[in-house]
Each structure stands twice: as C-alpha cells, then as structure tokens.
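K.L.:
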Ligand code: LMR
C-alpha cells in the first residue's frame, strides 16, 4: 500500500511517523512546498526504523507530485495553523487556495486515491476538496471526530481515573465550538458514563472538549499535532487494512439526520472503499437542536467559501 501525506509540518510529519512506526503502509511519501523540508523529515523517520524496528519506507519530496502517483490513500494536512485569538474559520481564505491546488495535484497523479482532509477549517476544507476533486463523498472526507472524541475520552479517563482504552464515545457536528459530544452514547467498559460521573463534571468535560483545540493553541502558540496526526493515521489504517472501524468522520450528509449537502461529523463505518456506511443515531430533541446549531454554523462558512470562489472566478 502506498500512502501520501501532503504537508510535512507538525501534523503531517506526525501522521507519517505513526504510519511508518506502526507499519500501516509499506511506502509513505511526504510532500511539502518548502525545499528539503519533507526530505529531511522523511529521512529522520527512516533513520528511526532500525532503532524502533519497522520497515515502512518513508521518502520526502518537494512539490514533486509525480512521486506520489498511484497512492491508495492521500492525507492533506497543508495550510496554516491558527494562532492564539484566531478561530479555525479565520484560516479559510488562505487555506482554501492551498487545499484546492494540492487536491488538483493529488487527483492528477492518484485519481483512485481516497482523500482524507486535515486542514482547517476542517469541514469547509473537506467541502473544498470535494468540489475540486469531483470525488464522491465516500472517497473524500475529513478527520476531526477521532481527534475530538480522543480529547473527550482522555478528559473522562482522567476524571474517572480509568484507562482511556475503555472509554467508547461518539461525537457529531462541525469541528469547532459547536461540535456535539454525545454523553448518552458514551460508555466506560460498557457502563453508561452517566452512571459513573456527576452531571456538572460531565458538562464541564463536554465544554472543554468543544474548546479542546483552542486550549492547546493558547498553551503552545500554535495548533496541536500529536493527537491530530495519530488520528489521521488511524483513519488510514482502517482503510488500508479494511478494518470496518466505526468512527466519527466529517462527511457530506445526504439526507441523513434530515440534513442535505452539509459537511458534518457523523459516525460511519470506515473500510477499504472509504466510507462504507453512514450510521444514523436516534438523537433526542436536545441533541437534534445542538446538531442543527452546528449545521447552521458550518453552512455559513461553506457559503462564505462559495462566495469567495464566485468573486475570484
Ligand atoms: C485541533 O483541533 O487541534 C485542530 O483543529 C487545530 C486547531 O487549530 O485547533
């Protein structure tokens, strides 16, 4: 299997490192626009192989998309990260152009690849990649739900003093402050989380999760990378190993949840064909209202992208 990761910054390099270390693909191509940057990171990952013990071959290239030809999966992490005080949506004008030109190159050389978007604002950059590639929703989707649920699970594990491995959770909506964690669908070793934690603590964790990316931006002056890179690699693994994992993924809803044509996080089955199935949960009225708020917000940003594209046409 051949996997390309576009963008050798913190997130892209972490993703490539996890892919190599866990031998998820036998060939990993890291691409960056900055001369020598991807080559250096790929070489460093390759030189770690004898120490850790893996044989996935990692190569880096500067904007040479011919070297990515016939990739099975492509992860796009390109674009600017946000700085303290910014929302993800503030990145739209810069990152939309970057995601568009990268996607053009990706589909030129790997027309059959499954594309995973990581660039922000995530839901709308996934929409941009869909518009540019013309690929169906099963083949172009975004990474956010695994990251957001990982944050939620990590906070819960800390509060309950249990292993994060035993916490199962699902989350819906946009990758922003309007995301919708779903405590009703959260379990700890099969036990509903609501039986183990008081409402005030759970509400605080839900709130912290929704602002989880911003918390890290404030601490570090730039966006997170370890968990985002590992989350993208986990999606690649589900595809290349045809695992049929159940994950929340950013996908264009086409009637599910009564929503049509908007990119939002929803639980899916992920396998060799990309999205194998969208799972429809029976949301209650409160959850539906939260999802509707999130839909409205993402749609506004999608409309802003459409207006920008019209203005530059
Ligand atoms: C994240 O959630 O860590 C990413 O979307 C990056 C960011 O700016 O928050």
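In the working numbering, the protein residues as written are 549 to 861. Virtual Cβ for every residue (Gly too), placed ideally from N, Cα, C.
Within 10 Å of its beta-carbon, does residue 835 have 16 or more other beta-carbons around it, so buried, or fewer, so exposed?
P.N.:
Within 10 angstroms of the beta-carbon of residue 835 lie 16 or more other beta-carbons, which makes it buried.
K.L.:
Distance, Cα to Cα, residue 642 vs residue 627?
P.N.:
7 Å
K.L.:
Which residue comes first and which comes last in the beta strand (DSSP E) that contains residue 818?
P.N.:
808 to 819
K.L.:
Roughly how far, in whole angstroms, is the beta-carbon of residue 810 from the beta-carbon of residue 847, given that I think they are within contact range, below 8 Å?
P.N.:
5 Å
K.L.:
Pick out the complete alpha helix (DSSP H) segments inside the stretch 719 to 784, 4 residues or longer, and give them in chain order.
P.N.:
747 to 758 and 760 to 768
K.L.:
Which residue's Cα is closest to the Cα of residue 768: 644, 735, 632 and 743?
P.N.:
632
K.L.:
To the nearest angstrom, how far is the alpha carbon of residue 796 from that of residue 608?
P.N.:
Separation of residue 796 and residue 608 (C-alpha to C-alpha, rounded to the nearest whole angstrom) is 30 Å.
K.L.:
Does the beta-carbon of residue 678, which I'm using as the reference point, lie nearer than 7 Å to any heavy atom of the ligand LMR?
P.N.:
False, no ligand heavy atom lies under 7 Å from that Cβ.
K.L.:
Closest to residue 594 by C-alpha separation, out of 585, 605, 727 and 586, would be which residue?
P.N.:
605
K.L.:
Using C-beta distances below 6 Å, list every residue in its chain close to residue 585, excluding the 5 sequence neighbours before and after it, in chain order.
P.N.:
556
K.L.:
Confirm the yes/no value for this check: CB of residue 771, any heavy atom of the ligand LMR, distance under 7 Å.
P.N.:
yes
K.L.:
Which same chain residues end up closer than 7 Å to residue 640 when comparing Cβ atoms and leaving out the 5 residues on each side of it in sequence?
P.N.:
669, 672, 849, 852 and 853
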